[in-house]
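Below is one structure, written out as C-alpha cells; comments come after it.
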Amino acid sequence: MYLFVPRRITERKSVQSQPPVVQAPPPETVAASVSGAKLTTNDALDYLKKVKEMFQDQKEKYDEFLEVMKDFKCQRIDTTEVIMRVKDLFKGNRDLILGFNNFLPEGFEMHI
997 MYLFVPRRIT ERKSVQSQPP VVQAPPPETV AASVSGAKLT TNDALDYLKK
1047 VKEMFQDQKE KYDEFLEVMK DFKCQRIDTT EVIMRVKDLF KGNRDLILGF
1097 NNFLPEGFEM HI
C-alpha cells in the first residue's frame, strides 16, 4: 500500500499555471518483497493461482485466505495477525508459506 503525501507548495503561481505534478508508483507494482525486489500485479495473481490450485478440493481454505487478505487491506488486522492466520491456513504447504514471504513488508518473515 502506498501512502500519498502531497508536497507542500511554497510559492503561489498565477491562476493560469498548471498544478504541480506528483508521480505515483507504477500501478503494476504492488509491494516490495523481503529481498527488496519489486513485485508486480502478475506476481500476486500467480501466487493467488497457486493458492487456489493447492486448495481446489478445499474451497473453504481458499475463501478464508481471501478473507484474511480483505481484512488486512481494510486494516481490521495487522501484519502479525496476517502471518499467524496464513501460517495456520497453509500448515503443511511449505512452498505457499515461503512464497507468501515475498509479499510481506520489510522486517517480517514467516518461518517453517
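Residue 997 is where the sequence shown starts when you use my numbering, and the numbers rise one by one after that. Glycine residues also receive a C-beta, built at the ideal position from the N, C-alpha and C atoms.
In the displayed model, Leu1094 falls within a helix according to three-state DSSP. Collapsing the DSSP output to three states places Lys1034 in a strand. Listed in chain order, the alpha helix (DSSP H) runs fully inside the segment 1042-1106 are 1055-1069, 1075-1085 and 1090-1096, counting runs of at least 4 residues. Distance from the CA of Tyr1043 to the CA of Phe1099, rounded to the nearest whole angstrom, comes to 10 Å.
When the beta-carbon positions are compared, Val1047 and Val1064 stay at least 8 Å from each other.
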